[in-house]
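Notes to accompany the following structure.
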Amino acid sequence: MKLGFSLAEEAFRDECAAWLQDRMANAFADIRGIANLTEKIERRKEWEQELAAHRWSCIGWPEQWGGRGASLAEQVIFAEEYARAGAPGRVNHIGVELAGPTILAFGTEEQKAKFLPGIAAGTSIWCQGYSEPNAGSDLANVRTKARLEGDQWVVNGQKVWTSLAHYSDWIFVVARSEEGSKGPKGLTFLMMKLDQPGIDVVPIRQINGEAEFNETFFADARCPADSLIGTPGDGWRVAMGLLAFERGVSTLGQQMGFRNELDEIIRVARENGAARDPLIRQRIAKAEIGLRLMRYGALRMLSRTDLSAIDGAALTYKIQWATWRRDLGELAMDVLGQAGEIAEGDAYEWGMLPNLFLYSRCDTIYGGTNQIQRNQIAERGLGLPREPRGDV
Amino acid sequence: MDFVFTDEQVMIADTVSAFLVESATSERTRAAMAADGLDRSLWASFCEDLGLAGIGVPEESGGVGLGMVEQAIVAEAAGATVAPLPLLGHAMLVRAIVAGGSHEQKDTWLSRLVSGRIVGAVARAEHWQDKGSSLSLVADFVPHGASADLIMVCGEARAWLVDAAQPQVTRIGHVTMDQTRPLATVTLTEARVEELPDGPAAIAAAEVTGLLSLSAEALGVAQEALDRTVAYSKERIQFGRPIGSFQAYKHRLADMMVLIEQARSAVYWAACALDENDADAWLALHAAKSFCADTAFMCAANMIQLHGGIGFTWEHDAHLFFKRARSIQTLMGSGNHHREKVAAMVLGEAA
Chain A
0 MKLGFSLAEE
10 AFRDECAAWL
20 QDRMANAFAD
30 IRGIANLTEK
40 IERRKEWEQE
50 LAAHRWSCIG
60 WPEQWGGRGA
70 SLAEQVIFAE
80 EYARAGAPGR
90 VNHIGVELAG
100 PTILAFGTEE
110 QKAKFLPGIA
120 AGTSIWCQGY
130 SEPNAGSDLA
140 NVRTKARLEG
150 DQWVVNGQKV
160 WTSLAHYSDW
170 IFVVARSEEG
180 SKGPKGLTFL
190 MMKLDQPGID
200 VVPIRQINGE
210 AEFNETFFAD
220 ARCPADSLIG
230 TPGDGWRVAM
240 GLLAFERGVS
250 TLGQQMGFRN
260 ELDEIIRVAR
270 ENGAARDPLI
280 RQRIAKAEIG
290 LRLMRYGALR
300 MLSRTDLSAI
310 DGAALTYKIQ
320 WATWRRDLGE
330 LAMDVLGQAG
340 EIAEGDAYEW
350 GMLPNLFLYS
360 RCDTIYGGTN
370 QIQRNQIAER
380 GLGLPREPRG
390 DV
Chain B
0 MDFVFTDEQV
10 MIADTVSAFL
20 VESATSERTR
30 AAMAADGLDR
40 SLWASFCEDL
50 GLAGIGVPEE
60 SGGVGLGMVE
70 QAIVAEAAGA
80 TVAPLPLLGH
90 AMLVRAIVAG
100 GSHEQKDTWL
110 SRLVSGRIVG
120 AVARAEHWQD
130 KGSSLSLVAD
140 FVPHGASADL
150 IMVCGEARAW
160 LVDAAQPQVT
170 RIGHVTMDQT
180 RPLATVTLTE
190 ARVEELPDGP
200 AAIAAAEVTG
210 LLSLSAEALG
220 VAQEALDRTV
230 AYSKERIQFG
240 RPIGSFQAYK
250 HRLADMMVLI
260 EQARSAVYWA
270 ACALDENDAD
280 AWLALHAAKS
290 FCADTAFMCA
300 ANMIQLHGGI
310 GFTWEHDAHL
320 FFKRARSIQT
330 LMGSGNHHRE
340 KVAAMVLGEA
350 A
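This is the structure in structure tokens:
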């Protein structure tokens with residue numbers, strides 16, 4: 000068991016830190032520090048392409064597909080230096096961290112050749128179509144239908160909470176392809192071009208006034224017959240494999256964003272005197288401890304070699320960070336005091352900390368609510384009896 | 000960077016855990032609780048048969064020369080069985096002598112401690128009267144202090160070794176809530192002592208070892224409380240179903256696991272930080288002690304609640320875990336104390 004990095008790894012750190020810091024100080028200084036995924040979108044796409052041009056867009060991928068075949072330690076280092084340099088949130092994170100790894104794991108050679116270069120180059124942006132109005136926590140209750148018509152799949156239905164669909168090029172969709180099938184059976188995993196007459200994207204305004212999520216409507220939307228990953232009816236297995244990628248190295252980058260939020264709370268607390276309150280001090284300490292433990296939990300989860308075994312650190316990670324961040328939002332408001340209730344300008348737009356307070360309410364909901372997480376931890380992690388299924 | 004146990008560490012964990020599960024039975028623990036809270040024959044075979052009492056001692060001094068990760072592995076297993084062993088004081092004392100003792104002190108004491116021929120304890124004193132070679136003081140709340148043969152007393156920046164057998168040392172063992180690690184008041188009246196030449200190093204070594212051991216012990220307590228409650232929840236039937244199938248019950252067990260996984264990260268982060276001389280080692284220790292102690296208490300309290308009436312009885316072991324967890328919370332500084340240290344560090348006020 001060892002936490003430190005080797006000399007070669009530290010040299011790699013110097014290399015990526017120098018490159019990232021130069022870009023953030025010069026050519027891309029205008030997008031430094033942007034955490035959300037909606038601001039200055041065109042510049043953000045240029046940034047994705049700049050990363051790609053220097054082989055930094057997907058370093059964990061094989062070299063053949065534009066990556067560096069980077070080791071785990073190198074990926075950890077890159078994620079840390081990326082955030083330390085203040086580089087902006089990755090607008091193509093779904094492509095790089097979800098779609099790409101899924102295609103690498105389950106796709107055919109033709110699909111790899113067709114899709115991976117665009118993702119690696121930052122020229123095709125991806126979003127995901129899982130949730131539906133009646134498939135939230137019960138994710139397998141998919142109603143969106145897909146039928147094969149000649150050499151094309153034809154899709155009808157509705158997805159919801161499709162983040163970033165309004166500027167994405169591609170969407171992956173889980174749709175019911177077997178008439179009369181129920182639950183996880185009979186689903187097919189399709190990759191569709193968003194820019195077509197059969198797809199309509201409608202933004203959803205959310206609690207903080209912004210619109211990062213969308214409803215996506217499919218009315219005879221089409222894609223070629225070979226756009227499926229795996230086989231027809233096998234979509235649930237692919238989708239679940241993909242969710243496992245969500246707990247990869249990207250979590251470390253996400254944590255660096257949390258670091259910035261906690262640092263801002265600490266800065267404000269020192270400035271406005273809240274840091275003298277012993278109870279606030281206890282909560283700041285708890286936040287700091289929670290964030291550190293998140294990092295070492297992620298390192299444990301990434302270090303293990305038997306990826307098939309059920310791993311407690313991985314299974315509990317979602318509820319851990321989501322709850323931590325929700326509490327951080329509440330701490331932020333207590334530190335800000337009444338100033339936290341007032342917007343900076345005339346619009347209903349919020350600075351980092353009040354926005355954290357509002358936005359973090361979704362963290363304990365999306366990607367499996369805290370209640371669903373507890374069910375999964377109890378059933379998969381502790382082997383307790385499964386929840387009985389209803390038939391309403 | 001490789002944050003998993005090595006094969007050797009897995010082997011140590013399996014060995015010590017198998018030994019304690021087999022030997023530190025509830026029956027033997029209860030026999031020790033009725034006496035002075037120390038199972039001497041268990042301690043003897045821990046030292047002689049298992050050979051793991053010398054983890055903190057270099058090989059040239061008769062030990063096995065392993066690091067803090069291994070120290071934590073042993074403490075975790077001991078916590079999981081609430082074993083009535085003097086491990087805490089032993090580990091602290093041994094590492095203190097290694098860090099701050101003279102050659103002669105190392106030669107005299109380490110092999111005797113490691114072989115289990117004598118039992119060690121560590122005490123802290125606020126005031127003392129020093130007359131050159133003799134010392135007078137009162138030290139309260141000394142874990143296993145009434146059973147120890149050799150006691151290290153820590154004051155400010157000085158540390159002394161005291162042979163407890165001399166008539167100038169009196170020890171009063173108290174009826175202690177956690178009977179698996181009773182506390183004693185140790186009084187020295189012009190007692191013969193030998194000062195450790197490097198007091199600050201000895202005290203620091205004892206302190207980091209103690210905080211890490213308590214954190215790891217707490218992790219073991221918490222995990223075992225969860226495991227036993229999970230097993231019970233699958234057997235116990237009410238309303239025609241195993242009680243573990245009810246969401247209200249499952250969710251509490253899930254919450255225990257969420258905390259335990261973090262506690263595990265905390266313990267082994269702190270252990271690695273110490274082994275690797277990382278600048279965050281103290282931050283990690285404060286984090287681990289506060290987080291793990293609270294996690295152990297939460298899990299042991301849930302163990303009682305989720306067992307229902309049987310969990311409230313003397314007969315069931317739940318109270319052993321509950322009382323051990325409570326004592327870990329208080330020993331070597333409360334959670335609030337350690338979190339305040341963390342706050343001072345992150346707010347940039349650290350001394």
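These protein sequence lines map, in sequence, to chains A and B.
The opening position of the first sequence corresponds to residue 0 in numbering that gives the first Met the number 0, with each subsequent residue numbered one higher.
The opening position of the second sequence corresponds to residue 0 in numbering that gives the first Met the number 0, with each subsequent residue numbered one higher.
Note that the Cβ used here is the ideal one computed from N, Cα and C, for glycine as well.
Residue interval of the alpha helix (DSSP H) (run including K233 (chain B)): On the second sequence, position 234 is the one that residue 233 (chain B) refers to. Run containing K233 (chain B): 198 to 234, per the alpha helix (DSSP H) assignment.
Neighbour-count burial assignment, A124 (chain B), 16 or more Cβ in a 10 Å radius: Reading the second sequence from its first residue, position 125 is the one you call residue 124 (chain B). Looking at its Cβ environment, which holds 16 or more other Cβ atoms inside 10 Å, A124 (chain B) is buried.
Rounded straight-line distance, which links the Cα of L134 (chain B) to that of E189 (chain B): Locating residue 189 (chain B) in the second sequence gives position 190, counting from the first residue. Locating residue 134 (chain B) in the second sequence gives position 135, counting from the first residue. Their backbone Cα atoms lie some 5 angstroms apart in a straight line.
Inter-residue spacing [alpha-carbon to alpha-carbon] between Q222 (chain B) and K39 (chain A): Position 223 of the second sequence holds residue 222 (chain B). Position 40 of the first sequence holds residue 39 (chain A). Rounded to the nearest angstrom, the two C-alpha atoms are 48 angstroms apart.
Straight-line gap, Q237 (chain B) to I309 (chain B) (C-alpha atoms, nearest Å): Counted from its first residue, the second sequence places residue 237 (chain B) at position 238. Counted from its first residue, the second sequence places residue 309 (chain B) at position 310. Q237 (chain B) and I309 (chain B): Cα-Cα distance of roughly 14 angstroms.
For R280 (chain A) and A274 (chain A), the rounded distance between their alpha carbons: Locating residue 274 (chain A) in the first sequence gives position 275, where the first residue counts as 1. Locating residue 280 (chain A) in the first sequence gives position 281, where the first residue counts as 1. Cα to Cα, A274 (chain A) sits roughly 6 angstroms from R280 (chain A).
Candidates B:A163, B:W159, B:T179: closest to L37 (chain B) by CA position: Along the second sequence, read from residue 1 onward, the residue named residue 37 (chain B) stands at position 38. Of the candidates B:A163, B:W159, B:T179, the one whose C-alpha sits nearest the C-alpha of L37 (chain B) is B:T179.
Segment contact, 8 angstroms Cβ cut-off, at least three pairs: the stretch 204 to 222 of chain B with the stretch 163 to 177 of chain B: no
Touching by the beta-carbon criterion (3+ pairs, under 8 angstroms), the stretch 134 to 144 of chain A and the stretch 74 to 82 of chain A: no
V141 (chain B) (DSSP reduced to helix, strand or coil): Here residue 141 (chain B) refers to the residue found at position 142 of the second sequence. Strand, per DSSP.
For Y267 (chain B) and R403 (chain A), the rounded distance between their alpha carbons: This structure gives no information on residue 403 (chain A), because the portion of chain A shown stretches from 0 to 391.
Any chain B beta carbon closer than 8 angstroms to T250 (chain A): Taking the first residue of the first sequence as position 1, residue 250 (chain A) is located at position 251. Chain B, which has no Cβ nearer than 8 angstroms to the Cβ of T250 (chain A), makes this no.
Beta-carbon contacts of A268 (chain A) that lie in its chain and below 8 angstroms, excluding the five residues immediately before and after: Reading the first sequence from its first residue, position 269 is the one you call residue 268 (chain A). Taken in chain order, the residues that qualify are A274, I279, I283, V334.
CB contact check: V75 (chain A) to chain B, cutoff 8 angstroms: Along the first sequence, one-based indexing puts residue 75 (chain A) at 76. So yes, V75 (chain A) belongs to the interface.
Assigned exposure category for D317 (chain B) - 16 Cβ within 10 Å defines buried: For the purposes of this step, residue 317 (chain B) is taken as the residue at position 318 of the second sequence. Note that residue 317 (chain B) corresponds to Ala in the displayed sequence, not to Asp. Buried: at least 16 other Cβ atoms inside 10 Å.
Reduced DSSP secondary structure (H/G/I, E/B, other) of V345 (chain B): As a working mapping, residue 345 (chain B) is identified with position 346 in the second sequence. Residue state, collapsed to three classes: helix.
CB of F296 (chain B) within 8 angstroms of CB of Q328 (chain B), strictly: Taking the first residue of the second sequence as position 1, residue 296 (chain B) is located at position 297. Taking the first residue of the second sequence as position 1, residue 328 (chain B) is located at position 329. Yes, they are a contact pair.
D226 (chain B) and R325 (chain B) closer than 8 angstroms at C-beta: Position 227 of the second sequence, counted from the first residue, corresponds to residue 226 (chain B). Position 326 of the second sequence, counted from the first residue, corresponds to residue 325 (chain B). It is not a contact, given that the beta carbons lie outside the stated cut-off.
Beta strand (DSSP E) runs contained entirely in the stretch 113 to 158 of chain B, provided each spans 3 or more residues: 119 to 123, 128 to 130, 133 to 142, 149 to 154
Chain-ordered neighbours of L278 (chain A) on chain B, where CB pairs are closer than 8 angstroms: Stepping through the first sequence from its first residue, residue 278 (chain A) is reached at position 279. In chain order: nothing, as chain B lies at least about 10 angstroms away.
W127 (chain B) Cβ short of 7 angstroms to the ligand MG heavy atom set: Among the components modelled here there is no ligand, and therefore nothing to report on the ligand MG.
C-beta atoms of D194 (chain A) and S123 (chain A) nearer than 8 angstroms: As a first step, residue 194 (chain A) is located in the first sequence; it is residue number 195 there, counting from the start. As a first step, residue 123 (chain A) is located in the first sequence; it is residue number 124 there, counting from the start. No, Cβ-Cβ distance for D194 (chain A) and S123 (chain A) is not below 8 angstroms.
Local Cβ density within 10 Å of S146 (chain B), reported as buried at 16 or more and exposed below that: What you label residue 146 (chain B) is simply residue 147 of the second sequence in a count that begins at 1. Buried is the call here.
Interface flag, A253 (chain B) vs chain A, CB-CB below 8 angstroms: For the purposes of this step, residue 253 (chain B) is taken as the residue at position 254 of the second sequence. Taking Cβ atoms only, chain A reaches closer than 8 angstroms to A253 (chain B), which makes this a yes.
Residue burial classification, M353 (chain B) (beta-carbon count within 10 angstroms, cutoff 16): Outside the displayed span of chain B (0 to 350) sits residue 353 (chain B), for which this structure offers no information.
Selection of the stretch 263 to 274 of chain B by Cβ proximity to chain A, strictly under 9 angstroms: R263, S264, A265, Y267, W268, A270, C271, A272, D274
Beta-carbon spacing of L87 (chain B), L112 (chain B) below 8 angstroms: Here residue 87 (chain B) refers to the residue found at position 88 when the second sequence is read from its first residue. Here residue 112 (chain B) refers to the residue found at position 113 when the second sequence is read from its first residue. The answer is no: Cβ separation not under 8 angstroms.
Within chain A, the residues that F4 (chain B) reaches when beta carbons sit closer than 9 angstroms: Translated into positions along the second sequence, residue 4 (chain B) becomes position 5. Within 9 angstroms Cβ-Cβ: M0.
Residue of B:P142, B:A269, B:R157, B:A183 minimising C-alpha distance to W127 (chain B): Here residue 127 (chain B) refers to the residue found at position 128 when the second sequence is read from its first residue. Ranking the options by Cα distance to W127 (chain B), first place goes to B:R157.
Residues of its chain near W60 (chain A), where Cβ-Cβ distance is below 6 angstroms and the 5 sequence neighbours each way are ignored: Numbered from its first residue, the first sequence carries residue 60 (chain A) at position 61. Excluding residues within five positions, the ones whose Cβ falls inside 6 angstroms are G66.
Chain B contact for E148 (chain A) (CB, 8 angstroms cutoff): Residue 148 (chain A) sits at position 149 when you count from the first residue of the first sequence. Chain B contact via Cβ: absent.
With 16 other Cβ atoms within 10 Å as the buried cut-off, status of W313 (chain B): For this step, residue 313 (chain B) is matched to residue 314 along the second sequence. Per the 10 Å Cβ criterion, exposed.
Distance between R291 (chain A) and T250 (chain A) (C-alpha atoms, nearest Å): Sequence index remark: in the first sequence, residue 250 (chain A) carries index 251 (1-based). Sequence index remark: in the first sequence, residue 291 (chain A) carries index 292 (1-based). Rounded to the nearest angstrom, the two C-alpha atoms are 13 angstroms apart.
Sufficient close CB pairs (3 or more, under 8 angstroms) joining the stretch 204 to 215 of chain A to the stretch 348 to 355 of chain A: yes
Limits of the alpha helix (DSSP H) - the one that C271 (chain B) falls within: The residue you call residue 271 (chain B) lines up with position 272 of the second sequence. 246 to 274 is the extent of the alpha helix (DSSP H) around C271 (chain B).
Near-chain B residues of the stretch 310 to 336 of chain A - C-beta to any C-beta below 7 angstroms: G311, A312, T315, I318, Q319
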